[in-house]
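Residue numbers (this note's numbering), protein chains in the order written: chain A, 1 to 403; chain B, 404 to 693.
Structure first, commentary second.
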């Protein structure tokens, strides 16, 4: 009798602990983040990963979203499709996360998107993850939402090509343009589109090339650009590609303008290189704008021991804001289906990091895109904005270069 | 800048990298796949030295080379020496683990932020004219000088210095060298230290030319093909291998497409291995032993 009672008590306590475990599981939002934390592309992605980790840690310290803590599982994909595939399986099948934040190269998208469709898991492209070209079209993946700083490759060209032209006009140069991409599909698509737009604007494109990400040296490619007579180069690629090409060009005595899109390290790169003819054209504000949110980021970085500069952390911070808003909208009993629906209803104000509030609709999963440009100012020895902001809607932007 | 000069600079850089592979292979028959990570670690010590010393290149370079030598010796003493007697593949696998560990350590110590050491040593960046219309930057000139000095210096060291003669002895026949009283572990540790110094020199130059970050370890792998083509146990072979690889890369990039530049050295390597598997100056006996 006594033995039976012991067995019963043990069974009850086991059942209670299982039930308690299940209840606990419902008391956290489980979110997966897959990103390029290591590998050749990591400088463009690691700061965002650090920043979103920091933001969510702070959010949890404040009690979470809807009073529910966020359990974040971070996995490194090394910007490799095979790693992304195994990350997708782990996060969506094994861990059963509510959503995945993807912070990596476009080459990792296919396996992640396929798994998202199969498991009906929303995927948010965050940090600097590039928005796919079809995100505003009818053939978009209904579960993929663009929250990253980089609008699709087609949109970027509508700003960057007129910017190049405006700069050339401002400086009285006869424009000969070379286009540089990284040898990845979406980057090549970006400069293909720029080539078309350049033709529309009557700009002479004298060279176009895609650089392999793992190249130790690109001096030969740089020599080709110099031989083509280009006085302006523009790239739509990871910052590592731009810096490598710019360094190779400068070493060979080229003194033209280099206009890059942007990256996590865009502002830091301008500050460190101090090259007055290097222009970054981001879709977000640099810290030289002195927004209060940058102070918040700096404070959080100090608190959580993150040693990266605030300007490299702002995009990951804004990504955290998006996740928080989505989870708040989804409610305490959030499921994958509810979250996918909730993403349509949110409007995220990123305190000026992005000039426009983030919102998505059933028609478009892109983020409203406004652009500007920054360069190193030798007089003030500081990074300075050199154009007005311009909203791009699929028409060539009107660029006003500031004095 | 002329194509020939670009090829020469690139070849010099690959020579510096390739020498590290050769020095370790000669001593221990291990292909060091952590070479790129050692390169990055040493370059970061250089950067730290620059920041700490207020931009003194000499102080930073001395700190980096000393740190690299200690690191190389430590790697041998703590990781490679205990593996002596195991198949060579075990040692190679250990270098993969070592590379990952060093990469993580670099990120933890210096963060993932990209650095530009050239910012602290602007005077090296200025170019000078060799002939009318052909100029070379200070860093590029130093790379060529360093590669020439390294080839001559290492060759002389192996011929004249007692330790160098010991290294040759170990490279030719470990057992016999041990029986003749040569401290093979000390010789191997010196080889690892010297290879780490070569990697660091290459890393310093790359970081001055382009950038520095934990992710640039892959650049170190670029020295592998030249070493294989020239002969894994040949110091002078590295220079020729580097010249062939650099020419293939630069010409492919300039006249075909930059994407081909990554493949071109390996196509050359395949042909070279097919014609002469032990490398241009490599020893046939060594290959058979492998």
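From the three backbone atoms N, C-alpha and C, an ideal C-beta is built for every residue, glycine too.
Please read all numbers here as calculations on a predicted model, not as lab measurements.
Give the DSSP bridge partners of residue i, in chain order.
{"i": "residue 102 of chain A", "result": "A:34 and A:125"}
{"i": "residue 539 of chain B", "result": "B:531"}
{"i": "residue 279 of chain A", "result": "A:259 and A:375"}
{"i": "residue 387 of chain A", "result": "A:401"}
{"i": "residue 234 of chain A", "result": "A:179 and A:259"}
{"i": "residue 358 of chain A", "result": "A:348"}
{"i": "residue 29 of chain A", "result": "A:70"}
{"i": "residue 392 of chain A", "result": "A:369"}
{"i": "residue 518 of chain B", "result": "B:615"}
{"i": "residue 382 of chain A", "result": "A:377"}
Note down, in chain order, each residue of its chain lying with its Cβ closer than 8 Å to the Cβ of residue i, except the 5 sequence neighbours on either side.
{"i": "residue 509 of chain B", "result": "440, 443, 444, 447 and 617"}
{"i": "residue 207 of chain A", "result": "178, 179, 224, 225, 228 and 230"}
{"i": "residue 670 of chain B", "result": "651"}
{"i": "residue 483 of chain B", "result": "431, 433, 494, 497, 591 and 595"}
Return the chain-ordered list of same chain residues with a C-beta closer than 6 Å to the C-beta of residue i, the five sequence neighbours on each side being excluded.
{"i": "residue 1 of chain A", "result": "A caution first: residue 1 of chain A carries a pLDDT of 45, below 50, which makes its placement in the model too unreliable to give a value."}
{"i": "residue 557 of chain B", "result": "638"}
{"i": "residue 377 of chain A", "result": "384"}
{"i": "residue 53 of chain A", "result": "none"}
{"i": "residue 251 of chain A", "result": "none"}
{"i": "residue 204 of chain A", "result": "176"}
{"i": "residue 589 of chain B", "result": "none"}
{"i": "residue 258 of chain A", "result": "233, 246 and 278"}
Can you name the residues of chain A whose CB is closer than 7 Å to the CB of residue i?
{"i": "residue 543 of chain B", "result": "251"}
{"i": "residue 409 of chain B", "result": "219, 220 and 223"}
{"i": "residue 653 of chain B", "result": "219 and 220"}
{"i": "residue 538 of chain B", "result": "253"}
{"i": "residue 657 of chain B", "result": "220, 223 and 224"}
{"i": "residue 502 of chain B", "result": "Near residue 502 of chain B there are no residues of chain A at all, since even the closest Cβ is about 11 Å away, more than 7 Å."}
Taking C-beta pairs closer than 8 Å, name the residues in chain B that residue i reaches, listed in chain order.
{"i": "residue 207 of chain A", "result": "Residues of chain B passing the Cβ test: none, with the nearest at roughly 11 Å."}
Within the same chain, show all residues whose beta-carbon is closer than 7 Å to that of residue i, passing over the 5 residues directly before and after it, in chain order.
{"i": "residue 400 of chain A", "result": "387 and 388"}
{"i": "residue 412 of chain B", "result": "543, 546 and 547"}
{"i": "residue 649 of chain B", "result": "410, 413, 414 and 417"}
{"i": "residue 140 of chain A", "result": "134 and 365"}
{"i": "residue 627 of chain B", "result": "424"}
Applying a beta-carbon distance threshold of less than 8 Å, which residues of chain A neighbour residue i?
{"i": "residue 452 of chain B", "result": "In chain order: nothing, as chain A lies at least about 17 Å away."}
{"i": "residue 511 of chain B", "result": "By Cβ distance, chain A contributes nothing, its closest Cβ being about 10 Å from residue 511 of chain B, past 8 Å."}
{"i": "residue 481 of chain B", "result": "Going along chain A, no residue has its Cβ under 8 Å from residue 481 of chain B, so there is no contact; the nearest lies around 24 Å."}
{"i": "residue 562 of chain B", "result": "Here the premise fails: no neighbours, minimum Cβ distance about 31 Å."}
{"i": "residue 406 of chain B", "result": "220 and 223"}
{"i": "residue 514 of chain B", "result": "307 and 308"}
{"i": "residue 506 of chain B", "result": "38"}
I want to verify the contact list: residues of chain B whose CB lies under 7 Å from the CB of residue i, in sequence order.
{"i": "residue 272 of chain A", "result": "519 and 522"}
{"i": "residue 411 of chain A", "result": "Chain A is shown only over 1 to 403; residue 411 of chain A falls outside these bounds and no answer can be derived."}
{"i": "residue 108 of chain A", "result": "Chain B residues near residue 108 of chain A: none, gap ~16 Å exceeds 7 Å."}
{"i": "residue 39 of chain A", "result": "618"}
Is there a C-beta anywhere in chain C that falls below 8 Å from the one on residue i?
{"i": "residue 568 of chain B", "result": "The structure shown contains no chain C; the protein chains it does contain are A and B."}
What does residue i reach in chain A if we use C-beta pairs closer than 9 Å?
{"i": "residue 606 of chain B", "result": "Near residue 606 of chain B there are no residues of chain A at all, since even the closest Cβ is about 12 Å away, more than 9 Å."}
{"i": "residue 456 of chain B", "result": "Neighbours of residue 456 of chain B on chain A: none; closest Cβ ~18 Å, over 9 Å."}
- Which runs of the beta strand (DSSP E), 3 residues or longer, sit entirely within the stretch 128 to 211 of chain A? 144 to 146, 176 to 182 and 204 to 211
- Relative to chain A, which residues along the stretch 615 to 647 of chain B have a C-beta separation below 7 Å, given in chain order? Those would be 616, 618, 621, 622 and 625, in chain order.
- Message: Residues of the stretch 42 to 58 of chain A in Cβ contact with chain B at a cutoff of 8 Å, in chain order, please.
- Response: Residues passing the 8 Å Cβ filter: 42, 43, 46, 47 and 50.
- Query: In the stretch 211 to 235 of chain A, which residues sit with their C-beta less than 7 Å from some C-beta in chain B, listed in chain order?
  - Reply: 211, 212, 214, 215, 216, 217, 218, 219, 220, 221, 223 and 224
- Interface positions of the stretch 248 to 266 of chain A facing chain B (Cβ-Cβ less than 7 Å), listed along the chain: 251, 252, 253 and 265
- Item | Any alpha helix (DSSP H) of 4 or more consecutive residues that is wholly inside the stretch 420 to 485 of chain B | If we require 4 residues or more, the alpha helix (DSSP H) runs fully inside the stretch 420 to 485 of chain B come out as 438 to 456 and 460 to 478.
- Query: Taking the runs of the alpha helix (DSSP H) that are 4 residues or longer, which of them lie wholly in the stretch 284 to 310 of chain A?
  - Reply: 292 to 304
- Query: Taking a cut of 9 Å between CB atoms, which residues from the stretch 413 to 434 of chain B lie near chain A?
  - Reply: 413, 416, 417 and 420
- Item | 4 or more residues per run - each alpha helix (DSSP H) lying fully within the stretch 58 to 121 of chain A | 81 to 88 and 109 to 119
- Query: At a Cβ cut of 9 Å, what residues of the stretch 298 to 330 of chain A count as close to chain B, listed as they run along the chain?
  - Reply: 306, 307, 308, 309 and 312
- Near-chain B residues of the stretch 163 to 190 of chain A (beta-carbon distance less than 7 Å), N- to C-terminal order: 183
- Query: the stretch 376 to 390 of chain A: which residues have C-beta closer than 8 Å to a C-beta of chain B, in chain order?
  - Reply: If you check each beta-carbon in the stretch 376 to 390 of chain A against every beta-carbon of chain B, none falls closer than 8 Å.
- Query: Residues in the stretch 660 to 680 of chain B with C-beta within 8 Å of chain A's C-beta atoms, listed in sequence order?
  - Reply: Those residues of the stretch 660 to 680 of chain B that come within reach of chain A (Cβ to Cβ, closer than 8 Å) are 660, 661, 662, 664 and 665.
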